[in-house]
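Engineer: Got a structure for you, written out below as structure tokens; questions coming shortly.
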RNA sequence: CGGGGCGUAGCGCAGCCCGGUAGCGCGCCUGCUUUGGGAGCAGGAUGCCGGAGGUUCGAAUCCUCUCGCCCCGACCA
């Protein structure tokens, strides 16, 4: 491909709307443009990247026996009503009516439609297992699109769905996907982790996410270098360091106007880890008192999994339900349901005295109060691994893929059943598995760039090699360039040749920005000695190579880089 | 949905407080020179000042409403 014939609108300046590194670079390098909030146009270079990613996705999906199909993105409401998600999902779903006033929606995912198809077509255990996938547009009216193509309202997803006769079959399909995903992300040149995750509104019991560490990521993951424990903070367990027993007697302490842990801790000059925070929440079942150690934070999702949706109690509610002013609540002697984080199951603590301006020192769990013990705190730096007790790390990460065991969540309401060997009717056991190609691209840029621009991993770069003739008005430069260009193409290499009548500086700057991994520079100086230069974009290393060895050298360099 | 910021030339911005012919830099077009890291000189084009109302002799500027975009938070199969 000739640069002069390709639409590559690079920018010198950085558009002010961009914040994330990948967003800035993909705008500047001419990969994408924004149409509206969360809606992006992929320009020729950007589209080539996505297509290379999609090719890898297809190869690895076909390798596990998945079959590509294509489903509509316009769906009748009826199917979504049957699974309940028409009502469960709120503003995030785009809804519309057709000309006959029938309710329709735009697909945000395809469990319903895939299951509908299976319910119509799968009759016998002999038809199973099946894995169907597509690379298809999804639409979600996100509350807050952000970070360029990392979070958009319309995006392409590789989504696959497995149908099995039993849990063992699902286990196999799930593991096949996990293995395929590892291969895919590795081929795409990403650093990533597979972590335990929250199944969320997808339902089902078991799920993992694939996470690419990056400061631009929206999720935090917990990592243990020693034993390999990995989990999204939404579900991550951790062991908080224990404080030593101070041997306090149970006694009230006067703490006038000191309400928060920070205030009381400062006033008494005692570490926050010796405090118990008592928080009152209102759930569907009624008020619930939640106890968290003073130096920790409640993870709301963990609480939601136990008591369902909740809100914090108002000041008046605290007073009427617990009979004490907020700020002086203690865990002792309340009639409401009490949940406590496991990290305060042992030790000796300070908390509110259940009367204004007083706290109590010397509180012992199970002696001075009773509670249901749960994991409620948010894992943080300084905590230890729940498996092997070494210090954990926390990293921000981009979710690039996920896998869910769904079981019968969709097959039952949509009556997707089959007859087993014994003639018994049984629901299909399902899994669903997603990957966002644009997020792979963005994560690749986030993880691989320098001050000059993008450094694409070789398998997803828009081209393998960029040829840079420095002076297109020099006949010999052009003859050699075209010869190398034709030669590489004949050897199956995708080549971009910068044939523009621009000064060398402009070409170097654009080449670095665009980020094709190998540059072949053809200049008059080196040519006098029969040499051209082969440059690795990522380390800017330049080798001068005799003309006749260029093709061989290019292949050698391609093998050296990631 | 809560909080904050911003809409003026293709991009980045000034002008607004204090109303009076819409500017700067980069980019773009033409010509000449230049050609190993975003060239130099000369000439040129480009604006519904986000939109609608209002105040005024007169509005980019003041007032009201509205739309859009970004950031933080909530939310996120």
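Numbering (this note's numbering), first residue to last: 10 to 571. Where is the CB? At the ideal position from N, CA and C, for every residue including glycine.
#1: Looking only at its chain, what residues have a beta carbon closer than 7 Å to the beta carbon of residue 221, apart from the 5 residues adjacent to it on each side?
#2: Measure the C-alpha to C-alpha separation of residue 174 and residue 184 and round it to an integer number of angstroms.
#3: Mind the definition here: the region 246-255 touches the region 473-486 only if three or more C-beta pairs lie below 8 Å; say whether that holds.
#4: Please determine, among 22, 15, 31, the residue with the shortest C-alpha to C-alpha distance to residue 447.
#5: Which of the three DSSP states, helix, strand or coil, is assigned to residue 10?
#6: Express the C-alpha separation of residue 192 and residue 445 in angstroms, rounding to a whole number.
#7: Could you tell me whether the region 383-394 touches the region 304-317, using the rule of 3 or more Cβ pairs below 8 Å?
#8: Could you check the C-alpha separation between residue 242 and residue 229 for me, to the nearest Å?
#9: Should the region 224-238 be regarded as contacting the region 261-274, the criterion being three or more beta carbon pairs within less than 8 Å?
#10: Taking C-beta to C-beta, are residue 116 and residue 96 nearer than 8 Å?
#11: Can you tell me the Cα-Cα spacing of residue 162 and residue 432, whole angstroms?
#12: Taking 8 Å as the cut-off, decide whether the C-beta atoms of residue 544 and residue 525 are in contact.
#13: Label residue 510 either buried or exposed according to how many other C-beta atoms from any shown protein chain fall within 10 Å of its C-beta, with 16 as the threshold for buried.
#14: How should residue 79 be labelled, buried or exposed, when 16 other C-beta atoms within 10 angstroms of its C-beta is the threshold for buried?
#15: Run the CB neighbour count on residue 345, radius 10 Å, all protein chains shown included, and call it buried at 16 or more, exposed below.
#16: Roughly how many angstroms lie between the CA atoms of residue 127 and residue 441, to the nearest whole one?
#17: Rounded to whole angstroms, what is the Cα-Cα separation between residue 522 and residue 34?
#18: Kindly indicate which residue of 547, 72, 527, 466 has the alpha-carbon position closest to the one of residue 459.
#19: Cβ atoms of residue 249 and residue 352: under 8 Å apart, would you say?
#20: What did DSSP end up calling residue 575 once you bin it into helix, strand or coil?
#21: How should residue 563 be labelled, buried or exposed, when 16 other C-beta atoms within 10 angstroms of its C-beta is the threshold for buried?
#22: Which residues in the same chain have their Cβ closer than 6 Å to the Cβ of residue 475, if we skip the five residues on either side of it in sequence?
#23: With distance defined between alpha-carbon atoms, name the residue in 316, 434, 508, 51 nearest to residue 11.
#24: Can you tell which of 437, 259, 49, 466 has its C-alpha closest to the C-alpha of residue 170?
#25: Suppose only complete runs of 3+ residues qualify. What are the beta strand (DSSP E) ranges in the region 136-218, listed by chain order?
#26: Can you tell me the Cβ-Cβ gap for residue 348 and residue 297, rounded? I've got them flagged as a contact below 8 Å.
#27: Which runs of the beta strand (DSSP E) at least 3 residues long sit entirely within the region 492-530? Give them in chain order.
#28: Could you spell out the range, first to last residue, of the alpha helix (DSSP H) harbouring residue 360?
#29: Tell me which residues share the same chain as residue 557 and place their Cβ nearer than 6 Å to its Cβ, disregarding the 5 neighbours each side in the sequence.
#30: Beta-carbon separation of residue 340 and residue 288 under 8 Å?
#31: Which one of 535, 566, 98, 561 has the shortest CA to CA distance from residue 550?
#32: Among the residues of its own chain, which have a CB less than 8 Å from the CB of residue 57, if the five just before and after it don't count?
#33: Would you please state the rounded distance, in angstroms, between the beta carbons of residue 29 and residue 462? I believe it to be under 8 Å.
#34: Identify the continuous beta strand (DSSP E) that holds residue 42 and give its terminal residues.
#35: Identify every run of the alpha helix (DSSP H) within the region 256-339, keeping only runs that are complete inside it and at least 4 residues long; order them along the chain.
Structural biologist: For this structure:
#1: Against the first chain, residue 221 aligns to sequence position 212. Excluding sequence neighbours, residue 221 sits near 199, 200, 201, 406, 407, 409, 452, 456.
#2: Within the first chain, residue 174 is the residue found at index 165, counting from 1. Within the first chain, residue 184 is the residue found at index 175, counting from 1. Going by the C-alpha atoms only, they are around 16 Å apart.
#3: no
#4: Along the first chain, one-based indexing puts residue 447 at 438. Considering only alpha carbons, the answer is 31.
#5: For this step, residue 10 is matched to residue 1 along the first chain. It is coil, neither helix nor strand.
#6: For the purposes of this step, residue 445 is taken as residue 436 along the first chain, with counting starting at 1. For the purposes of this step, residue 192 is taken as residue 183 along the first chain, with counting starting at 1. Rounded to whole angstroms, residue 445 to residue 192 spans 15 Å at the Cα level.
#7: yes
#8: For this step, residue 242 is matched to residue 233 along the first chain. For this step, residue 229 is matched to residue 220 along the first chain. Taking the straight line from one Cα to the other gives about 6 Å.
#9: no
#10: Your numbering for residue 116 matches position 107 in the first chain. Your numbering for residue 96 matches position 87 in the first chain. Cβ distance not < 8 Å, so residue 116 and residue 96 don't count as in contact.
#11: Translated into positions along the first chain, residue 162 becomes position 153. Translated into positions along the first chain, residue 432 becomes position 423. Straight-line Cα distance between these residues: approximately 45 Å.
#12: Counted from its first residue, the first chain places residue 544 at position 535. Counted from its first residue, the first chain places residue 525 at position 516. The answer is no: Cβ separation not under 8 Å.
#13: As a first step, residue 510 is located in the first chain; it is residue number 501 there, counting from the start. With fewer than 16 Cβ atoms within 10 Å of its Cβ, residue 510 is classed as exposed.
#14: Working through the first chain from its first residue, we reach residue 79 at position 70. The residue in question, residue 79, is exposed, as its Cβ has fewer than 16 Cβ neighbours within 10 Å.
#15: Position 336 of the first chain, counted from the first residue, corresponds to residue 345. Exposed, because fewer than 16 other Cβ atoms sit within 10 Å of the Cβ of residue 345.
#16: The residue given as residue 127 occupies position 118 in the first chain. The residue given as residue 441 occupies position 432 in the first chain. Looking at the two C-alpha atoms, the distance is approximately 14 Å.
#17: Against the first chain, residue 522 aligns to sequence position 513. Against the first chain, residue 34 aligns to sequence position 25. Straight-line Cα distance between these residues: approximately 7 Å.
#18: In the first chain, counting from the first residue as 1, residue 459 sits at position 450. Measuring from the Cα of residue 459, the nearest candidate turns out to be 547.
#19: On the first chain, position 343 is the one that residue 352 refers to. On the first chain, position 240 is the one that residue 249 refers to. Yes, these two residues count as a Cβ contact at 8 Å.
#20: Here the chain has residues from 10 to 571 only, and residue 575 is not among them.
#21: Looking up residue 563 in the first chain gives position 554. Burial call: buried.
#22: To locate residue 475, count along the first chain from 1; it is residue 466. Taken in chain order, the residues that qualify are 505, 520, 525, 528.
#23: Indexing the first chain from 1 puts residue 11 at position 2. Nearest C-alpha to residue 11: 508.
#24: Residue mapping note: residue 170 aligns to position 161 of the first chain, counting from 1. Ranking 437, 259, 49, 466 by Cα distance to residue 170 puts 437 first.
#25: 139-148, 163-173, 202-205
#26: Taking the first residue of the first chain as position 1, residue 348 is located at position 339. Taking the first residue of the first chain as position 1, residue 297 is located at position 288. Rounded, the Cβ-Cβ distance is 6 Å, consistent with contact.
#27: 504-506
#28: For this step, residue 360 is matched to residue 351 along the first chain. No alpha helix (DSSP H) contains residue 360, which is instead part of the beta strand (DSSP E) from 358-361.
#29: Taking the first residue of the first chain as 1, we reach residue 557 at position 548. Answer for residue 557: no residue qualifies.
#30: For the purposes of this step, residue 340 is identified with residue 331 of the first chain, where counting begins at 1. For the purposes of this step, residue 288 is identified with residue 279 of the first chain, where counting begins at 1. Not in contact: residue 340 and residue 288 (Cβ atoms no closer than 8 Å).
#31: What you label residue 550 is simply residue 541 of the first chain in a count that begins at 1. Measuring from the Cα of residue 550, the nearest candidate turns out to be 566.
#32: Numbered from 1 along the first chain, position 48 holds the residue referred to as residue 57. The residues are 471, 472.
#33: The sequence position of residue 29 within the first chain is 20, counting from 1. The sequence position of residue 462 within the first chain is 453, counting from 1. The Cβ separation is near 15 Å, so there is no contact.
#34: As a working mapping, residue 42 is identified with position 33 in the first chain. It spans 41-45 - the beta strand (DSSP E) in which residue 42 sits, taken as one unbroken run.
#35: 270-277, 309-316, 324-331
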